[in-house]
Amino acid sequence: MNKISNYEIMGYLSDAADWKEEDIDAGKLTCINYAFGLIENGKLKGEHLKKLNILNKIKKANTHLKTVLSIGGWGADGFSDAVLNEERREKFVASTMDFVIENDFDGIDIDWEYPCDDQAEIVARDCDKQNYTLYLKLLREKLDEQGKKDGKKYILSAALGAGQKYVDNIEIKQVQKYLDFINLMTYDMRGSFTNITGHHANTYPMEKHPDDRSAAGCIDILINAGVPKEKIIIGAAFYGRMWEGVKSSEGTGLSTEAEASGCVMRDFTTLYDEYIDKNGYKRYWDDIAKASYLFNGSNFVSYEDEISMIYKSEYVKQKGIGGIMFWEYPLDKTGKLLNSIYGVLGDY
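Residue numbers (the working numbering): 17 to 364.
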C-alpha cells in the first residue's frame, strides 16, 4: 500500500453526478466519501447507487485508497426517526453494516444536516442531541466488531456544519470519541441565507463583514470544545456562489447588498471556462481572508481557485489538523483544484 500523504485528502463523490472512471485521479486522494446512502422506513437505502462497481474498480487499481459510504446530505430526512430509540438504532445500524460489508466499503460518513435543526425541512427533535451520540456509539461498536472479524480498521466520520450552533446541537465531547474524523463543512458559510455578498469558503476572517465566520474560526471552535486537532478535516468547495443584482457597481462588490441572496451555484469548470476574467467578470483576491471572487458590476461570485486552495492546504499543515475534504469531485473537470491541494499536502 502506497501512502500518498501524511494528511487526509478526501473527495466527496456523488453517484448521481456526471463522471466516469477515468475522470477520477485517485492517486491524489486518500479517501472517497461516496454520496449518498439514504434512509427509508428506518433502514439504509442504497439501491439507487448505480456506480458502485466503478467505485470498486477505482479502489482495486489504487491500493492506498479508502472508500467510505456517506449517508444523508442536505434535505435527506429520516435520521431523527431512525435513531429515536434503541430498537430503531439497532435496525438502522444493522442495515447499514450489511450494505457496507456487501459493497466493500472501508467506513461510514454520517452527513445528518442537522440534529435538532429543521432548516432543511427535515424532522428534527430536541432529543436528537442525545440520540446522535448513541447512534454514533453503536456504529463505532459495530464497525469495530466487524473489524476484528476481517482484520480491518473501519473509518467512522461525520460531516458537521461550520459554526457554534452546530457544535451546540450535539454532545461534541462524547461524539468525537467515536469518530476518526469530523469533516467540517467550511463552505456555504455565506450564501442563500444572506443578501450581503461575501466569501462562502474563506480560510481566514473577512476584514469588514457583518458575519465574521471563517474556516479557521470554526476549527478553533472545535478545538476549544475538546476535539483533537488530528481529527479535524477542513472543507473546501469545488463550486462558487453568485449574488445577482449587487446594488453598487463601484468597487469590487465585496460586502455589498444585493437584490438576491447567494443561492445561485456555479461549478468550478464553468467558472474557469466562462467567468474568470471572461465575459465582463474580473477576478479579485482578498489577501486577508485568502479568498478569490469575481465581479462584473452587478453580479458577485465567491469561489475557490488554485491560489486559495494552496493557502487552505498550507493552513492544514500550519495548524496541524488532519487534512482537507472537498465537495465535490466532478465539479472541477480541469483538475486544477485537486492539483493545488496535492501539491501542498501530497507526498512525493
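We treat Cβ as the ideally placed atom computed from N, Cα and C, and that holds for glycine.
The three-state secondary structure of residue 307, taken from DSSP, is strand. Per the Cβ contact rule, the segment 277-290 is in contact with the segment 204-220 (3 or more Cβ pairs under 8 Å).
Note that the C-beta distance between residue 332 and residue 323 is not below 9 Å. Assignment of beta-bridge partners to residue 49 by DSSP yields 28, 84.
Contact check between the segment 256-272 and the segment 183-201: fewer than three CB pairs, one atom from each, fall below 8 Å, which does not count as touching.
Taken atom to atom, the span from the alpha-carbon of residue 127 to that of residue 111 is near 17 Å. Taking 9 Å as the cut-off, the Cβ atoms of residue 143 and residue 100 count as close. Shown here for residue 246: same chain residues with a beta carbon closer than 8 Å to its own, the five before and five after excluded, namely 336, 337, 338 in chain order. Only residues of its own chain outside the window of five on either side were considered, and among them 90, 91, 129 have a CB closer than 6 Å to the CB of residue 136, listed in chain order.
One thing to note: residue 83 has its Cβ no nearer than 9 Å to the Cβ of residue 138. In this structure, the alpha-carbon of residue 109 lies about 10 Å from that of residue 116. Its chain contains 346 as the residues whose beta carbon lies nearer than 6 Å to that of residue 33, once the 5 sequence neighbours on both sides are disregarded; these appear in chain order. The alpha-carbon separation between residue 76 and residue 311 amounts to approximately 44 Å.
For residue 359, the three-state secondary structure derived from DSSP is helix.
For the pair residue 205 and residue 120, the Cα-to-Cα distance works out to about 34 Å. In this structure, the beta-carbon distance from residue 236 to residue 181 does not fall below 9 Å.
One alpha carbon belongs to residue 225, the other to residue 231, and they sit about 15 Å apart. Residue pairing by DSSP places residue 301 opposite 308 in a beta bridge. Under the three-state reduction of DSSP, residue 236 is assigned to helix.
Considered as a whole, the segment 120-208 harbours 123-127, 171-177, 197-201 as its complete beta strand (DSSP E) runs of no fewer than 3 residues, in chain order.
Annotation for residue 283: the continuous beta strand (DSSP E) segment containing it runs 280-283. Minimum Cα-Cα distance from residue 50 among the listed residues 67, 43, 41 corresponds to 67. When the beta-carbon positions are compared, residue 198 and residue 238 come within less than 9 Å of each other.
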